[in-house]
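*Asks:* This is the structure I have questions about; it appears just below.
In the numbering used here, the protein residues as written are 6 to 608.
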């Protein structure tokens, strides 16, 4: 075989700009005699380059001018030296390497010294230890099909988006209460059924450590869940904030709350099946109270017999899920063990260079405490983790045993508060941010530059796989970033190096189509069932990483899934498709086979 090499020049155009303003309105809380805590949301769009800092601006009624107050990296700031004889407003700007955004919306006027007295000593201890939570009224929600969500709530700014749909800030018209609205696109009856089941499950989960659903609406292809607003951000993001001091004492508080929440879930006969850092949210920006969120993958175990599932996040999923073996409450306990391991050390016990390597590490269940990070961790903490990360699921602690474990029974008020290093956690979070970039709402140019930052010719900056710590560190260097973006990479229309194949499965089992796609710019991938778009749901799970591996998993296959499936990859240069058939062998109902045999004998 002969090759002819023709020199070419390729110009990479990166669509990058300054970020959008921080979303929503900055919120003042913990108002004291001369200080307050200001919290805000990040930008809904980062301009194609990660936000590096925020500039807080202040206005007071005496001077009536906006001035810079501070520049910080976190999304909260403790404002000091305020005076009671004037009113204040705040706004925030976001900055990346390309510039600084326009200001956010202005906060409401606030006056110090009136809203809240200095807490008494016993109240301060309570606030520090658990946080005084104002719980929402627990409701049994039925889906409202008579009204639109806009009839009852004002729909404010978008707070985020994901594969399920989008989240908006809602303000209840009759009382001004603020909620989060999760807007789903549900085109098929199956998708609507899945969302109704999630609401039904949340109706059983009325507990202070679990986020609450308070209302729901359905109209045409939209279903909206109105949820309790949890504004403190992800737990691990809170931990790496500059103003947060991480000690084993704090780790115990968090793990105790997680165990309490999961214990209640299990007592209702339900498994969460998606416990991971992103689904542990802080109630506010200053306290230590958390809530568990996202019950989209939760399942009922009672009377379900031998339940098997084929979904989850590779880094946190238990071995029995990967092996497609029966699951149980113990499946969640494995995930708790992984979360705890990362929380105390900043290291991930199973994360590999790609999903396949991570899954292999999980199935082998090999891990250790050899890293120097564990030199400063107590033996009780190690024992707690060791009794959760057991391959034999029956050997794992349950939630009650976790709460009775000596580590969680420690007196956190009087125990030694040895400060733990947050450097490893910061690197871990950087890896996870790059890992999720392929699925984020960012500029197309940013996706291509992410591949270049990794130094792996475009495909190794996996959307579902972590980059190495070295690459994450490199991304933090602006000069290296700009040099890497300028690298040349040839544009290629999509093509399949591995195509999906016909398969036959038995009703009730799972089916999975796998293919591999090449092309640059990175292709957009779509799946079709008999020429109709496949929408991701509990029933249909779609995975696509930046190495080009793509899969469609169909869980609990039924007769309706017997169809022709097509994977289509599209970029600016063209498109490619491959097609395969799924044959579903349905189980004959009792008595049907006998009747057919009798008819044949009579003939």
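Even for Gly, the Cβ is constructed at its ideal location relative to N, Cα and C.
All values reported here derive from a predicted model rather than from experimental measurement.
What first and last residue would you give for the alpha helix (DSSP H) that runs through residue 379?
*Replies:* Residue 379 -> no alpha helix (DSSP H), and no H or E assigned at all.
*Asks:* With 16 as the cutoff for other CB atoms within 10 Å, does residue 579 come out buried or exposed?
*Replies:* By the 10 Å Cβ count, residue 579 comes out exposed.
*Asks:* With H, G and I counted as helix, E and B as strand and the rest as coil, what does DSSP make of residue 156?
*Replies:* Residue 156: helix per DSSP, three-state reduction.
*Asks:* Quick one: residues in its chain with C-beta nearer than 7 Å to the C-beta of residue 332, no 5 flanking neighbours on either side, listed in chain order?
*Replies:* 276, 312, 313, 314, 325 and 326.
*Asks:* Under a three-way DSSP split, which group does residue 240 fall into?
*Replies:* Note: residue 240 maps to helix in three-state DSSP.
*Asks:* Does chain D have any CB closer than 7 Å to the CB of residue 180?
*Replies:* Going by chain labels, chain D is absent from the structure shown, which holds only one protein chain.
*Asks:* With C-beta atoms as the reference, is residue 206 less than 7 Å away from residue 303?
*Replies:* Contact flag set, yes.
*Asks:* Starting from residue 339, trace the alpha helix (DSSP H) both ways and give me its first and last residue.
*Replies:* Unbroken alpha helix (DSSP H) run through residue 339: 334-350.
*Asks:* Under the assumption that residue 417 contacts residue 268 (Cβ atoms under 8 Å), give the Cβ distance between them as a whole number of angstroms.
*Replies:* At roughly 19 Å, the Cβ-Cβ gap does not stay under 8 Å, so residue 417 and residue 268 are not in contact.
*Asks:* Between residue 379 and the rest of its own chain, which residues show a CB-CB distance below 7 Å, the 5 nearest in sequence each way excluded?
*Replies:* Same-chain partners within the cutoff: 350 and 387.
*Asks:* Compare the Cα-Cα distances from residue 57 to each of 103, 561, 90 and 152 and report the closest residue.
*Replies:* Minimum Cα distance to residue 57 is reached at 103.
*Asks:* Per the DSSP calculation, residue 71 is bridged to which residue(s)?
*Replies:* Its beta-bridge partners are 64.
*Asks:* Can you name the start and end residues of the alpha helix (DSSP H) that residue 499 belongs to?
*Replies:* Note, residue 499: premise wrong, no alpha helix (DSSP H); beta strand (DSSP E) at 497-503.
*Asks:* To the nearest angstrom, report how far apart residue 359 and residue 554 are at their CA atoms.
*Replies:* Approximately 11 Å, taken between the alpha carbons.
*Asks:* Which residues bound the beta strand (DSSP E) around residue 519?
*Replies:* Segment 516-525, the beta strand (DSSP E) holding residue 519.
*Asks:* Tell me the DSSP bridge mates of residue 538?
*Replies:* Residue 538 is bridged to 533.
*Asks:* Taking residue 520 as the reference, give the member of 503, 513 and 95 with the closest Cα.
*Replies:* It is 503 whose Cα lies nearest to the Cα of residue 520.
*Asks:* Which of the three DSSP states, helix, strand or coil, is assigned to residue 263?
*Replies:* Helix.
*Asks:* Give the straight-line distance between the Cα atoms of residue 561 and residue 198, rounded to the nearest whole angstrom.
*Replies:* Spanning the two alpha carbons is a distance of roughly 14 Å.
*Asks:* To the nearest angstrom, report how far apart residue 97 and residue 26 are at their CA atoms.
*Replies:* Approximately 8 Å, taken between the alpha carbons.
*Asks:* Can you tell me whether residue 78 is buried or exposed? The criterion is at least 16 other CB atoms within 10 Å of its CB, across all chains shown.
*Replies:* That one is exposed.
*Asks:* Based on the DSSP output, what are the partners of residue 48 in its beta bridges?
*Replies:* Residue 48 pairs with 27.
*Asks:* With H, G and I counted as helix, E and B as strand and the rest as coil, what does DSSP make of residue 269?
*Replies:* Of the three classes helix, strand and coil, the one that applies to residue 269 here is helix, per DSSP.
*Asks:* Three or more C-beta pairs closer than 8 Å, one from the segment 206-223 and one from the segment 286-299: is that the case here?
*Replies:* The segment 206-223, when compared against the segment 286-299, does touch it at the 8 Å Cβ threshold.
*Asks:* Nearest to residue 180 by alpha carbon, out of 34, 157, 192 and 169?
*Replies:* With distances taken between Cα atoms, residue 180 lies closest to 157.
*Asks:* Are residue 65 and residue 46 closer than 7 Å when you measure CB to CB?
*Replies:* In this structure, residue 46 does not lie closer than 7 Å to residue 65 by Cβ.
*Asks:* Using only the alpha-carbon positions, how far apart do residue 368 and residue 557 sit?
*Replies:* In a straight line, the C-alpha of residue 368 is about 22 Å away from that of residue 557.
*Asks:* Under a Cβ-count criterion, where at least 16 other Cβ atoms within 10 Å of its own Cβ denotes burial, should residue 457 be classed as buried or exposed?
*Replies:* In this predicted model, residue 457 has a pLDDT of only 30, less than 50, meaning its place in the structure is not dependable; the value taken from the coordinates is given anyway. That one is buried.
*Asks:* Skipping 5 residues on each side, what residues in its chain have a beta carbon closer than 8 Å to that of residue 247?
*Replies:* If we look at residue 247 and ignore the five residues flanking it on each side, its Cβ neighbours are 77, 78 and 79.
*Asks:* Should residue 338 be labelled buried (16 or more other beta-carbon atoms within 10 Å of its own) or exposed?
*Replies:* Per the 10 Å Cβ criterion, buried.
*Asks:* If distances are taken between C-alpha atoms only, which option among 38, 282 and 516 comes closest to residue 430?
*Replies:* Minimum Cα distance to residue 430 is reached at 282.
*Asks:* Span of the beta strand (DSSP E) holding residue 408?
*Replies:* Note, residue 408: premise wrong, no beta strand (DSSP E); alpha helix (DSSP H) at 404-409.
*Asks:* With a threshold of 16 other CB atoms inside 10 Å of the CB of residue 516, please say whether the residue is buried or exposed.
*Replies:* Classification of residue 516: buried, given that the 10 Å Cβ count is 16 or more.
*Asks:* Use the C-beta contact count for residue 420: other C-beta atoms within 10 angstroms, 16 or more gives buried, fewer gives exposed.
*Replies:* Classification for residue 420: exposed.
*Asks:* Using the Cβ count rule (16 or more neighbours within 10 Å means buried), how would you classify residue 317?
*Replies:* Residue 317 should be labelled buried.
*Asks:* Tell me the DSSP secondary structure of residue 226 in three-state form.
*Replies:* Coil.
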